[in-house]
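Written below as structure tokens is the structure these notes are about.
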Amino acid sequence: MSIAARAWVCAAIFGLTLAGTSGARADGLFDRILGVLGISATPSQMRGDSDVSEGQIWMAQVEIGGGNALTGDSGYRWPVYEPGGKAVIALKGGNAVRISEDSGEVKILHKIPGVQKLVGADREDSDKLLVILDEDAAPLALLSLKTGRLTPLPYDPKSKDHRRMLSHVKGEERLYGTTRIYVKTQTKQGMEGTLEWTDVYVQQGKATPRNVSNCDGVSCGQPSLSTDGVALVYVRARGTP
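Per my numbering, the sequence shown starts with residue 62, numbered consecutively.
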């Protein structure tokens, strides 16, 4: 099934009406973005985002939760699973890096200054990741993992639908089939007043959402689910005790 056909089916299943016209459904931007893992045709727009800018990458089993550090150092941003592999791709400084899921070894792949966020893998092209650029006129692009080449996607800043989709992509909520991951603000009373942080939650179907990061006072965010849905990675803010 082509990306365009899958986008149409996804929209029909979830009752999405993109600008209420067939032309919007055929939009090239939507075709490509709806073909990226974790991007939903019907974002809930009900979840907040974390204040995590960078930190350690942690990994948790969806059914167990808890999490363990994948990297020994900090400074990582927006991890996503490598398509079809046992590794995580993330940003560190101005580089895209590959982190082995088994050993935690970090390897620099490409220098990609100007990339603000890794969003997710293209379902039909395992070489491509959707990324957000520091560029107002063309904020979305596809990154080649093999070459480091960035291919901008068509974007119309005057289009309400394009702006809405960009807002969803910039957020931290993701939908993988019937599994939704998002961040949620937590609070507790401490000696110096109310302590606030964010945790990563998973909701499978209509089941009760579960806290899988349990960061307990240290903000966690920027989650991404593995292609098999078994594990997820997220960023735990610097200053972790």
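The beta-carbon is built from N, C-alpha and C at its ideal position, and this holds for glycine as well.
Please read these numbers as outputs of a predicted model, since none were measured by experiment.
In or out: residue i buried (at least 16 other Cβ within 10 Å) or exposed?
i: Gln-250; result: exposed
i: Thr-248; result: exposed
i: Pro-140; result: buried
i: Val-291; result: exposed
i: Ala-151; result: buried
i: Lys-207; result: exposed
i: Val-268; result: One detail in the question is off: residue 268 reads as Ala in this sequence, not Val. Exposed is the call here.
Between which two residues does the alpha helix (DSSP H) harbouring residue i extend?
i: Asp-362; result: The structure shown has nothing for residue 362, since the chain only spans 62 to 302.
Using the three-state DSSP reduction, which class does residue i fall into: helix, strand or coil?
i: Ala-85; result: With a pLDDT of only 39 at Ala-85, under 50, the local geometry of the prediction cannot be trusted, and the value read off the model is given with reservation. Residue state, collapsed to three classes: helix.
i: Ile-94; result: helix
i: Asn-275; result: coil
i: Tyr-216; result: coil
i: Ile-125; result: coil
i: Val-141; result: strand
i: Pro-270; result: coil
i: Lys-168; result: strand
i: Val-244; result: strand
i: Leu-131; result: coil
i: Ser-111; result: coil
i: Ser-287; result: coil
i: Gly-238; result: coil
i: Arg-297; result: strand
i: Gly-136; result: coil
i: Leu-206; result: coil
i: Gly-99; result: coil
i: Ile-173; result: coil
i: Ala-198; result: coil
Could you pull the start and end residues of the beta strand (DSSP E) that residue i belongs to?
i: Ser-161; result: 156 to 161
i: Ile-193; result: 186 to 194
i: Lys-178; result: 176 to 183
i: Ile-306; result: No statement about residue 306 is possible, as the shown extent of the chain runs from 62 to 302 and does not include it.
i: Ala-257; result: Per the sequence shown, residue 257 should be read as Glu rather than Ala. Counting along the chain, the beta strand (DSSP E) containing Glu-257 begins and ends at 254 to 265.
Compute the beta-carbon to beta-carbon distance between residue i and residue j, rounded to the nearest angstrom, for a pair I have assumed lies under 8 Å.
i: Thr-240; j: Thr-259; result: The pair is not a contact, with the Cβ atoms about 19 Å apart (cut-off 8 Å).
i: Val-113; j: Gln-265; result: That belief does not hold up - the Cβ atoms of Val-113 and Gln-265 are roughly 24 Å apart, past 8 Å.
i: Ile-237; j: Gly-99; result: One point to set straight first is that residue 237 is Tyr, not Ile, in the sequence displayed. That pair is a contact at about 6 Å.
i: Ile-193; j: Lys-178; result: 4 Å
i: Gly-133; j: Gly-165; result: 7 Å
i: Ile-160; j: Ile-125; result: So it is not a contact: roughly 21 Å between Cβ atoms.
i: Asp-128; j: Glu-185; result: Here the sequence assigns Gly to residue 128, which means Asp is not the residue at that position. Wrong, their Cβ atoms sit about 31 Å apart, outside the cutoff.
Out of the options, point me to the one whose CA is closest to residue i's CA.
i: Leu-227; options: Gly-254, Val-123, Met-120 and Ala-198; result: Ala-198
i: Val-123; options: Asp-188, Asn-275, Arg-299 and Ser-280; result: Asn-275
i: Asp-163; options: Leu-190, Leu-131 and Leu-204; result: Leu-131
i: Tyr-295; options: Ser-135, Gly-96, Asp-92 and Leu-95; result: Ser-135
i: Ala-298; options: Tyr-142, Val-167, Asp-186 and Tyr-137; result: Tyr-137
i: Val-176; options: Asp-186, Lys-147, Gly-146 and Gly-209; result: Gly-209
i: Gly-146; options: Pro-270, Ala-182 and Arg-235; result: Ala-182
i: Met-120; options: Ser-111, Asp-110 and Tyr-142; result: Tyr-142
i: Ser-280; options: Ile-169, Tyr-262, Leu-201 and Pro-213; result: Tyr-262
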